[in-house]
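Counting with mature numbering (1 follows the signal peptide of the UniProt record, and there is no 0), you get residues -22 to -1, 1 to 570 for the letters of the sequence shown.
What follows is a short report on a single structure.
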Amino acid sequence: MYSFVKGLLWFLMKMFFREVEVVGLERVPLSGPVIFVGNHSNQFVDAMMLVVNIPRQICFLIAAKSMNRVVIGDLARAMGCVAVSRPQDMAAKGKGKVTWEKGSRSIQGKAGGDFNSQIKPGDKIACEGVEGAMTVLEVKSATELLLKDPPAKGCPEGGASFKVLPKVDQAEVYDAVTDHLCDGGAIGIFPEGGSHDQTKLLPLKPGVAIMAFNAMLEGAEGVTIVPIGLNYFQAHRFRSQAMIEIGMPFEIPPELPERYQQAEGKEKFGPVNEFLAHVEKRMNEVIVTAANFQEQQMIRLCVTLYPPERMRLRPNLVFQLAQKFAKLFSLYKSTAELLVLGDRLEAYRDRLRTYRIDDHQVWRLQLSFPAAVWKLGSNFWSLVFSLALGLPMLPLWGPIWLVCLWAAERHRLKALRESKVKVKATDVMASYKIIVAVVLVPLVNILYGSVVGVFFFDDWYERLLCVAAAVCFLPTLYYLSLRRIEAVIPLLRSIRIGFGAILRHINEWRQEERDIAHMRNEMQLLLRKVVKDLGSRAESGEGFMEELYALIPRMVIEQDSRRLEGKREFSNITPARLGARMVMSERQEEIL
C-alpha cells in the first residue's frame, strides 16, 4: 500500500512542481532506526516531498485532526502514520470570564463559570490579551485556579474570556514510535510542530528528543538523526521549484538517554535541551534563514546579482550562495557597509518593480539590435505555438483551477485568523490546491464523460466507456495543456522586454533601459566589493571566501568585474548625457 501511495504522490509532485532537486541522497542510511527531522514550511506537501524522494519507508507523525480530513486522512492511514493529539486542536471555549491581579498566580472566575467541571490540573488556559497558554497547577475551587506561573500581562477591564487546552497523554504515541524504531524502521517528524511561513525555524518541540531517548532506552541501537532541509522557491505557486538538502546524519550520544532516565522533574530538560540545540544547529545548516521577509528578499536578490549575467546556476548552487549571504547578513546587519548595500538594493528593487522586470532579465535589455529582433521573433512564435497547443483544453481544466485558487485563498485567510505564528499563511495554500484538485478532477471528468456519452451515444455500455476514457485520459491532456499555458506569461514578459531592447536602438535618446542596465552593473560591483570586504574579516570564519570561490571561481568574478568597470566608463557617455553637455556648451557660448 505504501508503494501505491508513493506512486500517487510522485504523480502529484510532478504535476505541481516544475523541478525538484535532491542534494545529499547518499547520506540517507538505507537500514537501521532513523529519525528524519525537517523544517515545516509547506504543510502536507513537506511529507509528500519526503515520501517521494527519500529511499526509505517512512512512518510519519501526523496531527489527529488531520487524520479526520478527506484525502489526507485516507493517505495517512494507508501509509501507517501515527496520529498525535495536540492540545490546540482540542481547545474548548471556557464558560464565563476570568480575572487576576498582575503578578499573581491566582485566577478568579466570574460570570457563571465553574472550574471544577471545565479544568483539571495539568491543563492549560489561554486568556484573551495574554500571549501563550498558562499551565494550571491546582483547581482550588469552582471559582479559583492556581497557575504554575503568573500571567505576563495584567487583566483587561471587565475580565477576559479564555480557552481550555486539555492535557494530552502521549504515552501511546511514544510507545508506537519506540516499537517502530526498535524494529529498525524510519520515523519522519517536523519538530517545529505546525507548519508556518516564517523566515526562520520556530522553537523545536521536545517530543523528538523524548522519542529518540525512549527508543534507545528500550534497546534500539544506533538511532540516527538525519536533518532534511525543504527549500521552496515560491512554495504556494503552481509549477514552482524546490530543493531538498539532506544534511549529514549523526547518532545520539549514549550518555544523553542515560542522563534523561536518571533525572527527575525539571532536571530532564537538561539533556532534552542539549539534544534539541544540536538538532536545531544541524537543521539550520540545510535551510536558508533570515531575520524577516525583507531580508530574505535581499538575500535572493544578492544571489542573482553576484554571479556574472547569463550564468545559469543549479538549484543546489543557488541554495549554497543564499546560505553564504544569509551568514553575512546575520553577522554584519548593523555595519555601515551592509546598511548602505541594503538601501541600494531596495532602490534597485523598486526600479525593477516600476519597469516590471526581474533582475535575471535585465541583460536582455542590452542585446544588440539583430539579437533583440531575433529573440523577439523566436518568443513570438513560441507564444503562438504554446497558445495553439494549450488553449483547446483550457475551457475544460480552467474552471477546476479557478476553484482551486479560490478554495486555497479562502483556506489561507482562515488559517491566518486561527494562527499566531503565521505571517501570511501561504504555507497552507499548496496543500489545499492539491487536495481540492485530487477531489475535483475525477468528479469533473466523470461529468464531462457523462455529458458527452448522453449526447453522442445511445448504448449504456458506450456511455460507460466514454466516462472511463474521460477519467483516464483527460488528466494527461490537462497536464500537457498546462505545460504550454504556463509558458504564456513568461513569453509575454519576454516579448515586452524585447520591444524595450529594440526601442533602445531605434530611439537613441531613450534612457530608461540604459539606466536600469547601468544601475545593475553598479549594484554588482558594490555587492562584490562588500562581500569581499566582509567575507575577509575574522568574524566570517576561516575560509569563507575560499568556500564562496569554490561555488563561483575567483577568476570568473574578477574578470566579470573588470568588464563591468569598462562598461561603467563607457556608460557615462550616453546620448542623453551627451545631449545635456551639448546644450550646456551652447549656453556657455551664448553667455560669452
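Glycine is no exception: its CB is placed at the ideal position from the N, C-alpha and C atoms.
Compare the C-alpha of residue i against each of the options and name the closest.
i	options	result
E116	E109, K141, I103, G110	I103
E122	P99, L143, V186	P99
R83	E4, Q301, P128	P128
P134	K126, V142, E106, K118	E106
K141	M68, K118, N20	M68
L542	E464, L125, K(-17), M501	M501
V406	E387, A415, E324	E387
D147	A61, S44, G197, L254	A61
S95	M57, S119, V108, G81	S119
K246	I277, L299, F191, G166	F191
L299	R506, G51, A446	R506
V1	S459, R327, R292	R292
F271	K402, F522, L529	K402
W265	E520, P181, S19	Reading off the sequence, residue 265 comes out as Ile, not Trp. The shortest Cα separation from I265 among E520, P181, S19 belongs to S19.
R532	R515, E517, F22, K510	K510
C37	L442, V15, Q21	V15
L208	L394, V30, N46, S472	V30
L279	V340, M523, E150, S312	V340
L(-11)	K411, K43, F435	K411
What's the call for residue i, buried or exposed, on a 16-neighbour Cβ count within 10 Å?
i	result
C450	exposed
S563	Any reading at S563 must be qualified, since the residue scores a pLDDT of 41, below 50, and its modelled position is unreliable; no value is offered.
A554	Residue confidence for A554 is low, a pLDDT of 47 falling below 50, so the modelled location carries little weight; the figure read from the coordinates is stated next. Exposed.
E287	buried
N17	buried
residue 575	Since the first residue of the chain shown is -22 and the last is 570, residue 575 is not available in this structure.
A269	exposed
R498	buried
D321	exposed
A70	exposed
T332	exposed
K(-9)	exposed
G557	Bear in mind that a pLDDT of 47 at G557, under 50, signals an unreliable position, so the model cannot answer this.
E491	buried
E170	buried
Q301	buried
N485	exposed
L234	buried
M289	exposed
G(-16)	exposed
W487	exposed
So, are the CB atoms of residue i and residue j less than 9 Å apart?
i	j	result
M27	V6	no
I206	I188	no
H483	R546	no
F(-6)	Q275	no
E79	G136	no
P249	R260	no
V399	Q176	yes
F168	T202	no
I378	V419	yes
L316	F307	yes
I165	V12	yes
I413	V49	yes
residue 581	S364	Because residue 581 is not part of the residues shown, which for the chain are -22 to 570, the question remains open.
L182	E273	no
I463	L372	yes
A479	Q344	yes
T404	H214	yes
D101	L143	yes
Between which two residues does the alpha helix (DSSP H) containing residue i stretch?
i	result
A104	Counting along the chain, A104 falls outside any alpha helix (DSSP H), though it belongs to the beta strand (DSSP E) covering 102 to 105.
R488	Looking at the DSSP string, R488 is not in any alpha helix (DSSP H), and its letter there is neither H nor E.
S459	438 to 463
A528	522 to 529
G427	407 to 434
residue 607	This structure cannot settle anything about residue 607, because the visible part of the chain is limited to -22 through 570.
I277	271 to 283
V142	Taken as a continuous stretch (DSSP letters only), V142 belongs to no alpha helix (DSSP H), being part of the beta strand (DSSP E) at 140 to 143.
What first and last residue would you give for the beta strand (DSSP E) that runs through residue i?
i	result
residue 612	Outside the displayed range of the chain (-22 to 570) lies residue 612, so it cannot be described from this structure.
M112	112 to 119
E122	122 to 125
V(-1)	-6 to 1
V12	12 to 16
L39	36 to 41
T77	75 to 77
V62	60 to 62
Quick one: is residue i near chain D, going by C-beta distance under 9 Å?
i	result
V296	The displayed structure is made up of one protein chain only, and chain D is not part of it.
Could you give the uninterrupted runs of the alpha helix (DSSP H) lying entirely in the region 192 to 241, keeping only those of 4 residues or more?
233 to 240
What ranges does the alpha helix (DSSP H) occupy inside the region 290 to 366, keeping only unbroken runs of at least 4 residues that lie completely in it?
With a minimum length of 4 residues, the continuous alpha helix (DSSP H) runs that stay inside the region 290 to 366 are 293 to 310, 314 to 333.
Could I get the ranges of all uninterrupted alpha helix (DSSP H) runs contained in the region 154 to 184, with 4 residues as the minimum, in chain order?
none
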